[in-house]
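Q: Once you've had a glance at the structure underneath, I'll fire off some questions.
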Amino acid sequence: MPLPSTQPAERILLGPGPSPVPQRVLRALGAPTLGHLDPQYLGFMDEACAMLREVFRTRNALTFPVSGTGMAGMECCAVNLVEPGDEVIVGVNGVFGTRMKDVMERCGATVHALETTWGDTFTLAQLQAALDAHPKTKLVGIVHAETSTGAHQPLDGFADLVHARGALLLVDAVTSLGGHELRVDDWGIDAIYSGTQKCLSCPPGLSPVSFGERSLARMDARKSKVQSWYLDVSMLRKYYTGGGGGGRVYHHTAPINMTYALREALIMVLEEGIDQRVARHAAMHQRLRAGLEQMGLSYIPSRSLHSLNCIRIPEGVDDAGVRKALLADYGIEIGGGLGPMAGKAWRIGLMGYGASIRNVDLVLAALREILHR
Ligand SMILES: *Cc1c(COP(=O)(O)O)cnc(C)c1O
């Protein structure tokens with residue numbers, strides 16, 4: 003058999019993730035592999051965790067990258083914070099809220115779905131009504147950046163309502179970390195997870211998480227063992243923070259080279275400045291939006307994310323055909339609609355390194371030309 007010889011093409015990734023990865027991060031990925039208990043490697047990991055705290059804007063000691071993609075972070079938060087029989091409220095207004103509900107149910111939780119139309123977001127009054135209806139709620143899970151619909155969920159005031167009931171606030175920040183304003187400590191978020199391949203512009207493979215004091219207390223008070231051995235934070239924290247006495251203990255072999263890549267990606271975030279990076283995402287969203295609206299295209303969500311632009315496909319336009327032409331003729335990937343939005347929406351991601359004038363103007367020109375054909 004002839005040996006495989008195809009090389010990956012250099013695409014312009016403007017879909018819902020992964021996002022374009024800068025050469026600097028790819029080079030870091032290719033550095034020599036160290037042992038996972040090598041003091042030099044532990045130093046790199048500590049640096050990555052310290053930078054993650056800055057990017058999450060938190061002082062939470064328990065902040066580290068879970069081995070696995072964003073979904074692993076979601077499962078990690080769920081299995082550690084929820085015990086069988088717990089009542090949980092999950093905001094369901096897209097694919098990722100739907101998944102969070104499923105994951106919670108698999109942990110044995112009784113999930114009360116707080117639902118709204120896909121593309122809409124939740125108000126404080128809706129959350130309050132759900133908490134009133136389910137006073138035994140122990141955790142509220144909400145998606146900050148719903149990548150399936152492009153909706154941006156404001157979180158101001160959420161933690162106060164949740165904490166007034168003694169519940170925890172869990173936030174999915176997979177598509178907001180590094181692209182949108184996000185303040186874990188100021189906003190009172192108790193547990194949060196993200197992913198490397200969206201606004202951090204790193205390949206997929208790690209899921210940064212952070213747990214606050216309330217979450218630690220909840221984990222310490224567990225009556226049942228965490229169902230997942232791999233994601234059990236009581237063991238993971240001994241490796242990542244050396245906490246619990248006894249120093250660093252082997253749990254699983256950390257994805258060494260991915261840690262290099264994340265560390266480099268975080269250096270790039272902090273070199274740029276978090277505020278500057280958030281402002282760049284906002285400016286690129288405005289530029290894209292102005293161009294799309296000039297072409298007669300309209301947005302679906304009322305509160306649009308900057309990192310993910312979800313637009314209505316005009317009547318009579320061939321969804322798959324346009325995306326195929328973008329990929330074949332321009333090397334540009336954008337996303338189609340998911341669930342009820344399949345065939346009705348395009349999703350254009352402007353995440354991290356991908357959020358540039360060059361990419362915005364290119365995708366606008368390409369769409370204009372293809373729609374003209
Ligand atoms: C992408 C995404 C996830 C899942 O991340 P994976 O890296 O695909 O596992 C979870 N939540 C949201 C909001 C996402 O956009």
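Note that the sequence shown covers residues 3 to 375 in this note's numbering.
Every residue gets a Cβ at the ideal spot worked out from N, C-alpha and C, and that includes glycine.
For clarity, every value in this text was computed on a predicted model and none was experimentally measured.
Quick check on C78: does DSSP put it in helix, strand or coil?
A: The residue given as residue 78 occupies position 76 in the sequence shown. The answer is helix: DSSP assigns C78 an H, G or I state.
Q: Return the CA-CA distance between M106 and T112, expressed in angstroms with no decimal places.
A: Counting from one through the sequence shown, the residue named residue 106 turns up at place 104. Counting from one through the sequence shown, the residue named residue 112 turns up at place 110. In a straight line, the C-alpha of M106 is about 8 Å away from that of T112.
Q: DSSP beta-bridge partners for F124?
A: Locating residue 124 in the sequence shown gives position 122, counting from the first residue. Its beta-bridge partners do not exist; DSSP assigns none.
Q: Does ligand 1 have even one heavy atom less than 8 Å from the beta-carbon of M76?
A: By 1-based counting over the sequence shown, the position of residue 76 is 74. M76: yes, Cβ under 8 Å from ligand 1.
Q: List in chain order: all unbroken alpha helix (DSSP H) runs of 4+ residues lying wholly within the segment 118-177.
A: With a minimum length of 4 residues, the continuous alpha helix (DSSP H) runs that stay inside the segment 118-177 are 126-135, 160-166.
Q: Going by C-alpha distance, which of G168, D158, P210, A219 is nearest W189?
A: Mapped onto the sequence shown, residue 189 falls at position 187. The shortest Cα separation from W189 among G168, D158, P210, A219 belongs to D158.
Q: Let's see if you can read the secondary structure: which residues bound the alpha helix (DSSP H) around L310?
A: Residue 310 sits at position 308 when you count from the first residue of the sequence shown. Segment 310-314 is the beta strand (DSSP E) holding L310; no alpha helix (DSSP H) there.
Q: At a cut-off of 8 Å, is R314 close to ligand 1 when judged by its beta-carbon and the heavy atoms of the ligand?
A: Taking the sequence shown and counting its residues from 1, one reaches residue 314 at position 312. For ligand 1, not one heavy atom lies less than 8 Å from the Cβ of R314.
Q: List the residues that DSSP assigns as beta-bridge partners of V271.
A: Looking up residue 271 in the sequence shown gives position 269. Per DSSP, none; premise fails for V271.
Q: Among residues of its own chain, excluding the 5 on either side of G75, which ones have a beta-carbon nearer than 6 Å to its beta-carbon?
A: As a position in the sequence shown, residue 75 is number 73, starting the count at 1. Cβ neighbours of G75 beyond the five flanking positions: V68, Y195, S209, V211.
Q: Starting from R108, trace the alpha helix (DSSP H) in both directions and tell me its first and last residue.
A: Stepping through the sequence shown from its first residue, residue 108 is reached at position 106. Here the alpha helix (DSSP H) through R108 covers 97-108.
Q: What first and last residue would you give for the alpha helix (DSSP H) that runs through E49?
A: To locate residue 49, count along the sequence shown from 1; it is residue 47. Note, E49: alpha helix (DSSP H), 41-58.
Q: In whole angstroms, what separates the C-alpha of L129 from that of I91?
A: Position 127 of the sequence shown holds residue 129. Position 89 of the sequence shown holds residue 91. Their backbone Cα atoms lie some 9 Å apart in a straight line.
Q: Mapping the DSSP letters down to three states, classify P6 as helix, strand or coil.
A: What you label residue 6 is simply residue 4 of the sequence shown in a count that begins at 1. P6 falls in the coil class under three-state DSSP.
Q: Given a cut-off of 9 Å, decide if Y232 and Y241 are closer than it, judged by their beta-carbon atoms.
A: Position 239 of the sequence shown, counted from the first residue, corresponds to residue 241. Position 230 of the sequence shown, counted from the first residue, corresponds to residue 232. No, these two residues do not count as a Cβ contact at 9 Å.
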